[in-house]
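K.L.:
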Amino acid sequence: MLFRSEPRAHDGFWMKTAYRVPTAAFPGARFASQETAETTPITEILINSLITSHYNGARLARGRRAEISGWAWDGGSGIGAVDVSTDGRVTWRTTNLGKDLGRFAWRRFTTTVDTSVGGRVRISVRATSRAGARQPEKLTANPAGYHHNIIQTLDLEVE
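Residue numbers for the sequence shown follow my numbering, so the first one is 657 and each next one is one higher.
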């Protein structure tokens, strides 16, 4: 025997309480039946990119080729570009994108870093989706910490 009921929002802890962000603070589909004055359910993944080849403070050998790489993803339109800045986000240049495995797949990016001069190199990366969404400069704070997708910046040391 099958039991059928009317569709309704799940009222368990994770869906009713935890997976929520401040109402109107982020893009995404809205479900008025599940919103409160304070919070709304998370309905989409925001564009993001991360450098995964190096950590903040990593050392690069002066004069040796250095390649930075990482991954970018979004909520389903696909990654159109990942840009890198080494001058405090004044100018940006395009990285090399890996194979496009579909609009919901993570996409690899790579770029080289100039190591001809010693000292600190500040690297920032930002992704842009095919739909035009771009990582923000500033974090939209929220109590649970969801959608932390600001432009990532690492300081590397060329020695």
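Note that the Cβ used here is the ideal one computed from N, Cα and C, for glycine as well. In this text, all values refer to a predicted model and were calculated from it rather than measured experimentally.
Could you spell out where the beta strand (DSSP E) holding residue 722 opens and where it closes?
P.N.:
Against the sequence shown, residue 722 aligns to sequence position 66. Here the beta strand (DSSP E) through residue 722 covers 722-729.
K.L.:
DSSP has residue 775 in a bridge; who is on the other side?
P.N.:
Translated into the one-based positions of the sequence shown, residue 775 becomes position 119. Paired residues: 814.
K.L.:
Take residue 715 and list the residues in its own chain whose beta-carbon comes closer than 7 Å to its own, dropping the five residues that flank it on each side.
P.N.:
By 1-based counting over the sequence shown, the position of residue 715 is 59. Cβ neighbours of residue 715 beyond the five flanking positions: 813 and 815.
K.L.:
For the structure I just gave you, are there three or more beta carbon pairs, one from the segment 725-738 and one from the segment 700-713, closer than 8 Å?
P.N.:
In short, these stretches touch, since the Cβ pair count reaches three.
K.L.:
Can you tell which of 711, 755, 700 and 784 has the C-alpha that lies nearest to the C-alpha of residue 740?
P.N.:
On the sequence shown, residue 740 is found 84 positions in, with the first residue counted as 1. The shortest C-alpha separation from residue 740 is found at 784.
K.L.:
Closer than 7 Å by C-beta to residue 751: which residues in its own chain qualify, once you throw out the five before and the five after it? Chain order, please.
P.N.:
For the purposes of this step, residue 751 is taken as residue 95 along the sequence shown, with counting starting at 1. The residues are 738, 739, 740, 765, 766 and 767.
K.L.:
Mapping DSSP to helix, strand and coil, what is residue 709?
P.N.:
Here residue 709 refers to the residue found at position 53 when the sequence shown is read from its first residue. The answer is coil: DSSP assigns residue 709 none of H, G, I, E or B.
K.L.:
Measuring straight from C-alpha to C-alpha, what distance separates residue 681 and residue 791?
P.N.:
Within the sequence shown, the letter at position 25 stands for residue 681. Within the sequence shown, the letter at position 135 stands for residue 791. For residue 681 and residue 791, the distance between alpha carbons rounds to 15 Å.
K.L.:
Can you give the beta carbon distance from residue 745 to residue 780, rounded, assuming they're within the 8 Å contact cut?
P.N.:
Taking the first residue of the sequence shown as 1, we reach residue 745 at position 89. Taking the first residue of the sequence shown as 1, we reach residue 780 at position 124. So it is a contact: roughly 5 Å between Cβ atoms.
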